[in-house]
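First residue of the sequence shown? That's 1272 in the working numbering, and the numbers climb one at a time after it. Even glycine gets a Cβ: it sits at the ideal position worked out from N, Cα and C. Computed from a predicted structure; not experimentally measured. What follows is a short report on a single structure.
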Amino acid sequence: MGVKKHLLDAQAKLPGGTIVKGPVTTSDDKTYHFKSQAGGSDFYLYLMRDDNGWYESGGNEAEHPQEVVDQVGTQIDEFLSKNG
1272 MGVKKHLLDA
1282 QAKLPGGTIV
1292 KGPVTTSDDK
1302 TYHFKSQAGG
1312 SDFYLYLMRD
1322 DNGWYESGGN
1332 EAEHPQEVVD
1342 QVGTQIDEFL
1352 SKNG
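This is the structure we're talking about:
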């Protein structure tokens, strides 16, 4: 594993209306970790991308709605397209 680097700060709206926001980091440019630092929320997400788009990494642990994964994934895409 390489050094974890901070890419951007992202935010997403959960189905219940809660806004989560916090840093997106990666150590291998394949798996991206989003951790909310808003409102004491313990929300975090590991994302990966393939030809079909963004999905939650972690196999059976995937527990967040695809719309949330897509919201964070879109922000990562925008960051990478501007900074790649």
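Tell me the DSSP bridge mates of residue i?
i        : result
Ala-1283 : Val-1291
Phe-1305 : Val-1295, Leu-1316
Lys-1276 : Thr-1297
Would DSSP call residue i helix, strand or coil?
i        : result
Phe-1350 : helix
Gly-1324 : strand
Glu-1338 : helix
Gly-1344 : helix
Give every residue of the same chain whose Cβ lies closer than 6 Å to the Cβ of residue i, excluding the five residues on either side of it in the sequence, and list them in chain order.
i        : result
Thr-1342 : In the sequence under discussion, the amino acid at residue 1342 is Gln, which differs from the Thr named in the question. Contacts found: Ala-1283.
Phe-1350 : Leu-1278, Leu-1279
Can you tell which of the options has its C-alpha closest to the C-alpha of residue i?
i        : options                                : result
Lys-1306 : Gly-1355, Tyr-1326, His-1277, Trp-1325 : His-1277
Gly-1324 : Ile-1290, Val-1340, Ser-1352           : Val-1340
Asp-1321 : His-1335, Asp-1348, Gly-1287           : Asp-1348
Gly-1287 : Asp-1300, Tyr-1326, Gln-1346, Pro-1336 : Pro-1336
Given residue i, which residues of its chain have a CB within under 7 Å of its CB, disregarding the five upstream and five downstream residues?
i        : result
Val-1291 : Gln-1282, Ala-1283, Leu-1285, Ser-1307, Ala-1309, Ser-1312, Phe-1314
Pro-1294 : His-1277, Asp-1280, Lys-1306
Report all residues from its chain with a CB closer than 8 Å to the CB of residue i; omit the five preceding and five following residues, and keep chain order.
i        : result
Thr-1302 : Tyr-1317, Leu-1318, Met-1319, Ser-1328
Thr-1297 : Lys-1275, Lys-1276, Leu-1278, Tyr-1303, His-1304
For a test of your reading of the model: does the CB of residue i fall under 8 Å from any non-hydrogen atom of the ligand MN? Yes or no.
i        : result
Val-1274 : Judged by which ligands are present, the structure shown has none, so any question about the ligand MN falls away.
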